[in-house]
């Protein structure tokens, strides 16, 4: 998704994890974008994220949309549509 959308900045946030576990996850899934380790939960707290997976989509104007589903990752088509909308 990130490689197909170079006009969009992607950032992953590892929740309450150690750096080694985060690096293993990034390597396992070949993530080619910035990933942050939120070991103390400060980033999650800022966005009131209760569980994974969670997504925050920011537009260039600073507006944002928060999406959180406790049972499943966002479907690929929905994610693709939301990312495409960021550049319109």
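Residue numbers (the working numbering): 128 to 215.
All C-beta atoms, glycine included, are put in the ideal place defined by N, C-alpha and C.
Going along the chain, which residues of its own chain have a beta-carbon closer than 6 Å to the beta-carbon of residue 195, five neighbours each way excluded? Taking the chain shown and counting its residues from 1, the one referred to as residue 195 is at position 68. Closer than 6 Å at the Cβ level, and outside the excluded window around residue 195, lie 181.
Once DSSP output is grouped into helix, strand and coil, what is the label at residue 189? Against the chain shown, residue 189 aligns to sequence position 62. Residue 189 falls in the coil class under three-state DSSP.
DSSP state of residue 163, grouped into three classes? By one-based count along the chain shown, residue 163 stands at place 36. Of the three classes helix, strand and coil, the one that applies to residue 163 here is strand, per DSSP.
Does the Cβ-Cβ distance between residue 192 and residue 134 come in under 7 Å? Against the chain shown, residue 192 aligns to sequence position 65. Against the chain shown, residue 134 aligns to sequence position 7. Their beta carbons are not under 7 Å apart, which means residue 192 does not touch residue 134 by this criterion.
When DSSP labels each residue in this structure, what does residue 176 get in the three-state scheme? The residue given as residue 176 occupies position 49 in the chain shown. Residue 176 falls in the coil class under three-state DSSP.
Is it buried or exposed, residue 141, if we count other Cβ atoms within 10 angstroms and call 16 or more buried? Here the question's residue 141 lines up with position 14 in the chain shown. With 16 or more other Cβ atoms within 10 Å, it is buried.
Assign residue 176 to one of two classes, buried (16 or more other C-beta atoms within 10 Å of its C-beta) or exposed (fewer than that). Indexing the chain shown from 1 puts residue 176 at position 49. So residue 176 ends up on the buried side.
Per the DSSP calculation, residue 142 is bridged to which residue(s)? As a first step, residue 142 must be located in the chain shown, where it is residue number 15. Its beta-bridge partners are 165.
Straight-line gap, residue 163 to residue 155 (C-alpha atoms, nearest Å): To locate residue 163, count along the chain shown from 1; it is residue 36. To locate residue 155, count along the chain shown from 1; it is residue 28. Looking at the two C-alpha atoms, the distance is approximately 16 Å.
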